[in-house]
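The opening position of the sequence shown corresponds to residue 792 in the numbering used here, with each subsequent residue numbered one higher. From the three backbone atoms N, C-alpha and C, an ideal C-beta is built for every residue, glycine too.
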Amino acid sequence: MQRWTQILLSGLFVATLAFAATACGDDSGTEADRFGIAAQCTKTENCQDGLTCLTSFKGGYCGLSGCTKDADCPQGSACVTEGSTNYCFSICTDKVQCNTNRTADFEANCSSNVTFVEGKKATKACLPPSN
Numbered sequence: 792m793q794r795w796t797q798i799l800l801s802g803l804f805v806a807t808l809a810f811a812a813t814a815c816g817d818d819s820g821t822e823a824d825r826f827g828i829a830a831q832c833t834k835t836e837n838c839q840d841g842l843t844c845l846t847s848f849k850g851g852y853c854g855l856s857g858c859t860k861d862a863d864c865p866q867g868s869a870c871v872t873e874g875s876t877n878y879c880f881s882i883c884t885d886k887v888q889c890n891t892n893r894t895a896d897f898e899a900n901c902s903s904n905v906t907f908v909e910g911k912k913a914t915k916a917c918l919p920p921s922n
């Protein structure tokens with residue numbers, strides 16, 4: 792009985808947090824945008840918790856490392872291979888979707904020139920120019 796009480800209370804806590812986030816009006820963009828994926832950075836500390844700054848890109852790129860499939864990534868992103876590591880990168884259909892968390896000086900492009908772990912052919916990802 793105590794285990795079910797813990798589960799119920801955990802569910803109520805999560806529901807309360809979700810309601811609070813919605814009530815505050817923070818529902819813009821995709822989950823990947825809100826998580827900070829594709830944001831510019833100069834070091835990992837500039838990225839939200841859990842993300843890594845990839846400094847090989849102009850303006851940096853906050854990515855979530857260690858994915859093995861798209862399901863490991865927040866909604867609005869996909870698992871890609873960059874160098875020898877997999878990261879969640881924001882996916883897109885248009886360049887404007889790539890620059891929610893970037894300034895005009897460090898704009899990313901919506902590019903098909905990425906290696907998707909799941910081999911997606913018609914999908915594009917946000918990719919800034921390389922340094």
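Quiz item: If you measure from the beta carbon of residue 872 to each beta carbon in chain D, is any gap under 8 Å?
Solution: Absent from the structure: chain D. Only one protein chain is present.
Quiz item: For residue 890, which of helix, strand or coil comes out of DSSP?
Solution: helix
Quiz item: What's the C-alpha gap between residue 908 and residue 915?
Solution: 13 Å
Quiz item: Quick one: what does DSSP say residue 749 is sitting in, helix, strand or coil?
Solution: Nothing can be reported for residue 749, as the shown portion of the chain is limited to 792 through 922.
Quiz item: In angstroms, rounded to a whole number, what distance separates the CA positions of residue 883 and residue 852?
Solution: 15 Å
Self-check item: Boundaries (first-last residue) of the beta strand (DSSP E) holding residue 880
Solution: 876-883
Quiz item: Would residue 736 pass as a contact of residue 911 if the rule is Cβ separation under 8 Å?
Solution: Only positions 792 to 922 of the chain appear in this structure, which leaves residue 736 out of reach.
Quiz prompt | C-alpha gap between residue 829 and residue 847, whole angstroms | solution = 13 Å
Practice problem: Compute the Euclidean distance between the alpha carbons of residue 893 and residue 899, then round it to the nearest angstrom. | Solution: 8 Å
Practice problem: Kindly indicate which residue of 821, 820, 891, 865 has the alpha-carbon position closest to the one of residue 842. | Solution: 865
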